[in-house]
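Quick note: to get the numbering used here, add 87 to the position in the sequence shown (first position is 1). Even glycine gets a Cβ: it sits at the ideal position worked out from N, Cα and C. Beneath this line is the structure, given in C-alpha cells, with notes to follow.
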Amino acid sequence: MKKILVTVVLGVAALAAAQDATKPAQPPQGQAAPAQPGAVPAQTPAAAPGQAPAAAPAQAPVIKDPAEYNAYVGAIQQKDPAAQISGLEAFMAQYPNSVMKISALQTLMQDYQQTNNQQKTIDTAMKLVAADPCNVRAMALLAFFDRLKAQGGDPNAKQDLADAKKYGQMGLDCLPKFTKPEGTPDADFQKMKDQMTGIFNAAIGIAALTDKDYETARKALRLAVDSSPDSQKDFSVVYPLALAYAGPTPPDPKVTPDPINAIWFAARASTVAPNPQYQAQIEKYAKGQYVKYHGGEDGWTDVLAQAKASATPPAGFAIKPAPSPAEQVHNLVTTKKPEEMNFAEWQFVFTNGSKEDQDIVWNAIKGKAVQMNGTVIKATATEFDIAGSSDDIEAKKADITLTFEEKVPLRLIPKEGASLDFQGEPASYTPSPFMMTMEKGKLLKAASPTPAKKAPVHHKPAAH
C-alpha cells in the first residue's frame, strides 16, 4: 500500500518536473548553447501567495555567469539520478542564490524520491517551500509524508500531524494559483491538481480526526476520497473516513453519528485493505456496525458487494434502521400474551413501551400471583430487594421489591447473592430506573446460595 501511495506522489512531482517549462536556461551572452542533445529543464516558479497566476514566461531564466551556467548544465544533463544529485548539490552549494535555484531544488526533490531517500526528499521539499512559498508540489510531498509517518506510528506523530495539517492548508490555499506548466495537456494538469487536492485534504482530515474534530474530519476526508480514483483506493484515507462518520466511542452527545456513511465506507475500506488480515478485521467491524443499526444481518452481503463495486454510495442508498425500542415493545405486545412473558420482557415493556402498550400488560398482570426466581440483593424480615432479570443479576442491581404481610423468620431470611424462588403479586412499578413492587410475598423453598438447578435466564430484549 505504501509503495502505491508513494508512487502517486512521485507521479505528481515527476510530471510537473518533466513538463514545467520546456525552454532551456539561456547561456550567458557570447557563449554558445551546449552541444549535448536535449533541452535543460528549467522550472518556472509557482506564483507567490497573494499574486494572480502568471502566464508562462516567454523566455526562461538567464544565467549570466558562464561558470555558473556550465555547472548547472553539467549537473542537469546527467542521466543517472545519483550523478545528477551530486552535481546539483555541488551547484547549490556553490551558487545558493542562483536564478535556477527553484529548478534545481525541484529536480533534486524528484531525484531523491527516485532513489528512495525519503529524508532527503523531505529536506529538499522544505528548502523548496522556503525558496518558493507557494510551491504546491513540495507542499504535497510534505503533507503526504508527514501524514503517512504519523499514521505509521512515528514517535513524533503529534508533530507530524501538525506539520501535515499546516502544509495541507497551505497547499489548498496555493492550489488555485498553480498555473499549468507549458506543454502540459489539460487532462494531465487536472489529474495533477486532483491528486494534490486529495493529498492536502487527507492531511487535514487525519489531523482533525486525531483531534476529535469530527465535522472537519468528515468534510476533509470525504473531499480527499472523492478527489481521484487513487484516493478512492487508499485504505489509509477511506477507513479513517468511516471512523469519522461513526463518531467517538463511547458516544459523545455533542457529536451526531452518521451511521449510513460509516457503514458504507467501513465496508469500502474492507475491500481496499492492503492484506487479508486487515480485510477480515475491517469487514467484521463494518458488519457489526450494520447489524447494530439495521438489527440483523439480512442485506449485508448486498451492501458489501456494492461497496466493492463503487467508491461512494449510489444515489438513494439507504439502510433500513432496526425497530425502535417502542416498536419492539409493540411487536412483543401484539404477538405474546402478558402472562406468558418473562420478567425481563415485562421490564422492557414498562421501560420502553408506549402508555397504551404498558397499560395492556399491566392490567393483565396487576394483582395476580406470579412465581419466579431471582437473586437476593438485600433482605429484611418484611422486605426483600431482588434482581429478577439476568442483566440486573449480573449488575447486582435490584429491580423487584418484594413485601411480606407477616415477618419472615430469621432462619429463613436469605443472604445477599442467594438464589431465591418466590411468589408475589405485582402492585406498582416505576419505569426509570425500573423497579416493580410485589406484595403478599411468599417463599416457595428455602434460599440456597448454590441452587441445585440453574435458575432460568431472563435476558432483556435487545434495544438497538
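In the structure shown, L235 falls within a helical segment according to DSSP collapsed to helix, strand and coil. The Cβ-Cβ distance between A311 and G285 falls below 9 Å. Taking 9 Å as the cut-off, the beta carbon of T303 is found no closer than this to the beta carbon of A290. Residues L328 of the same chain have their beta carbon placed closer than 7 Å to that of R309, with the five preceding and five following residues left out of the count. Cα atoms of A251 and D233: separation of roughly 5 Å, rounded to the nearest angstrom. Excluding the 5 residues flanking it on each side, T524 has same chain C-beta neighbours closer than 6 Å at T488, A514, S515, in chain order. With a cut-off of 8 Å on Cβ pairs, the segment 482-496 is not in contact with the segment 440-455, counting fewer than three such pairs.
Within the DSSP secondary-structure output, L489 pairs in a beta bridge with F471, M525. In the DSSP assignment, the residues bridged to G511 are V457. Around the beta-carbon of A413, fewer than 16 other beta-carbon atoms lie within 10 Å, marking it exposed.
Close CB contacts of T208 within its chain, under the 8 Å cut and outside five residues either way in sequence, are with M196, Y199, Q200, L228, F232 (chain order). With contacts defined by Cβ atoms closer than 9 Å, I464 and D472 form a contacting pair. Assigned with DSSP and collapsed to three states, Y301 falls in helix.
The C-alpha of E526 is placed about 8 Å away from the C-alpha of G454.
A Cβ-Cβ contact shorter than 9 Å links A177 with A162. The three-state reading of DSSP puts L499 in helix, counting H, G and I together.
In the displayed model, L531 falls within coil according to three-state DSSP, outside both helix and strand. When DSSP states are grouped into helix, strand and coil, Y182 belongs to the coil group.
For K483, the three-state secondary structure derived from DSSP is coil.
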